[in-house]
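Data first, discussion second: the structure below is written as structure tokens.
Protein chains: 2
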Amino acid sequence: MTIKEVAERYHISQDTLRYYERVKMIPEVTRTASGIRDYQEEDLKWVELAICMRSAGLPIEAMIEYVNLFQQGNETIPARLELLYNQMEILKLKKKQINETMNKLSYKISHYEVALKTGKLTWTDDEEE
Amino acid sequence: MTIKEVAERYHISQDTLRYYERVKMIPEVTRTASGIRDYQEEDLKWVELAICMRSAGLPIEAMIEYVNLFQQGNETIPARLELLYNQMEILKLKKKQINETMNKLSYKISHYEVALKTGKLTWTDDEEE
DNA sequence: TTACTACTTGGAGTTAACTCTAAGTCAATA
DNA sequence: TATTGACTTAGAGTTAACTCCAAGTAGTAA
């Protein structure tokens, strides 16, 4: 699979794909005899994981570390687990913060909706805007 | 309340507080006669909202637009509602992506945990790493 | 064989969100 | 009165994550 096809498939730019490889966020991609990238199933798995991590807002640095550990073999499994636990914690926190913000925005939305119907703003004393 | 106290209270730098004001992410903060910031309850509400939005990963630009609409008065309530709905949608999507990533990481974690116990990796054919 | 297109690399440029620096003001203490 | 420390501003610098560019090569169509 060419870089163009991969880029289209995952809605990501070719530049970004090359960038991910360059910074070692994914292992080196399989090449043709003349040095052109020819993504195999395994390469695609790494691309998917990278995109998945990034879409959740996890830093590239974490993914680089994970790939690095992976390439050192099975003795690094405990370290990889540790890394995965850490990222899970970060995601839990992110979710919590998103929920809090959603609650805050919902509150504002409901007040504005009432305001639109009644023509009056109805904030309580401790939450004027 | 001085900028120092506000910074300590919200675990945010004084520089960031000044920056938020400079880019108009919050309205101009109340000042003393000699021009020093003296945060009032209402100023703090805006700071809280700004921090809340940012902690959920929403762009500063959205907050700037919201403050801008607010300062134009009640006729902008429909526009503010629209903006809030948009940000809610963005947050829903973020949550979805986080959930997907958490599922993917959980899957890896469980496999690694089994591997640690049994000494063998147990990926199925379609998910080698 | 010439032209065209898609690929390659190294390196420079961009954007968002801070973060820091320098030079200056002001209130309070030694 | 001198100095200390917290504040002020404008503007420069930093970081993460891309994104673009220039110069070169490889494979295919006319």
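Here the protein sequences line up with chains B and U, keeping their order. Residue numbers for the first sequence follow my numbering, so the first one is 1 and each next one is one higher. Residue numbers for the second sequence follow my numbering, so the first one is 1 and each next one is one higher. A virtual CB, placed ideally from N, CA and C, is assigned to each residue, including glycine.
C-alpha distance - residue i paired with residue j, whole-angstrom precision
{"i": "Thr30/B", "j": "Ile64/B", "result": "18 Å"}
{"i": "Glu42/B", "j": "Ser13/U", "result": "44 Å"}
{"i": "Leu58/U", "j": "Glu89/U", "result": "11 Å"}
{"i": "Met102/U", "j": "Leu91/B", "result": "7 Å"}
{"i": "Tyr39/B", "j": "Thr118/B", "result": "60 Å"}
{"i": "Lys95/B", "j": "Lys95/U", "result": "6 Å"}
{"i": "Phe70/B", "j": "Ser55/B", "result": "21 Å"}
{"i": "Pro78/B", "j": "Ile26/B", "result": "20 Å"}
{"i": "Thr76/U", "j": "Ala62/U", "result": "15 Å"}
{"i": "Val114/B", "j": "Trp123/B", "result": "10 Å"}
{"i": "Leu116/B", "j": "Asn74/U", "result": "10 Å"}
{"i": "Glu28/B", "j": "Glu48/U", "result": "45 Å"}
{"i": "Thr2/B", "j": "Leu44/B", "result": "11 Å"}
{"i": "Tyr107/B", "j": "Val6/B", "result": "42 Å"}
{"i": "Asn99/U", "j": "Leu93/B", "result": "12 Å"}
{"i": "Met53/B", "j": "Glu8/B", "result": "19 Å"}
{"i": "Gln97/U", "j": "Gln97/B", "result": "14 Å"}
{"i": "Leu83/B", "j": "Asp15/U", "result": "32 Å"}
{"i": "Tyr19/B", "j": "Tyr19/U", "result": "31 Å"}
Cross-chain neighbours of residue i in chain B, by beta carbon under 9 Å
{"i": "Pro78/U", "result": "Tyr112 and Leu116"}
Exposure label - residue i; buried when at least 16 CB within 10 Å
{"i": "Ile36/U", "result": "exposed"}
{"i": "Leu121/B", "result": "exposed"}
{"i": "Glu21/U", "result": "buried"}
{"i": "Tyr85/B", "result": "exposed"}
{"i": "Ala33/B", "result": "exposed"}
{"i": "Trp46/U", "result": "buried"}
{"i": "Tyr112/U", "result": "buried"}
Chain U contact residues for residue i, given Cβ-Cβ distances below 7 Å
{"i": "Glu21/B", "result": "Within 7 Å Cβ-Cβ: nothing; Glu21/B doesn't reach chain U, min ~16 Å."}
{"i": "Met102/B", "result": "Met88 and Leu91"}
Per-residue contacts from residue i into chain U (C-beta, under 9 Å)
{"i": "Gln97/B", "result": "Cys52, Ser55, Ala56 and Gly57"}
{"i": "Met63/B", "result": "None at all; the shortest Cβ gap to chain U is about 11 Å."}
Chain-ordered chain B contacts of residue i [CB-CB under 8 Å]
{"i": "Ile109/U", "result": "Leu81, Leu84, Tyr85 and Met88"}
Nearest-angstrom Cβ-Cβ length linking residue i and residue j, presumed shorter than 8 Å
{"i": "Tyr10/B", "j": "Ile51/B", "result": "6 Å"}
{"i": "Leu81/B", "j": "Ile109/U", "result": "6 Å"}
{"i": "Gln87/U", "j": "Leu105/B", "result": "6 Å"}
{"i": "Val132/B", "j": "Lys24/B", "result": "Because chain B in this structure spans residues 1 to 129, residue 132/B falls outside the shown range and cannot be described."}
Cross-chain neighbours of residue i in chain B, by beta carbon under 7 Å
{"i": "Leu105/U", "result": "Leu84, Gln87 and Met88"}
{"i": "Lys94/U", "result": "Ile98"}
Checklist entry - Hey, which unbroken runs of the alpha helix (DSSP H) at 4 residues or more fall wholly within the stretch 3-28 of chain U? => result 3-10 and 14-22
Next on the checklist: Going residue by residue through the stretch 36-123 of chain B, where are the continuous alpha helix (DSSP H) segments of at least 4 residues, counting only ones entirely within it?
Outcome noted: 41-55, 60-71 and 77-118, all fully within the stretch 36-123 of chain B.
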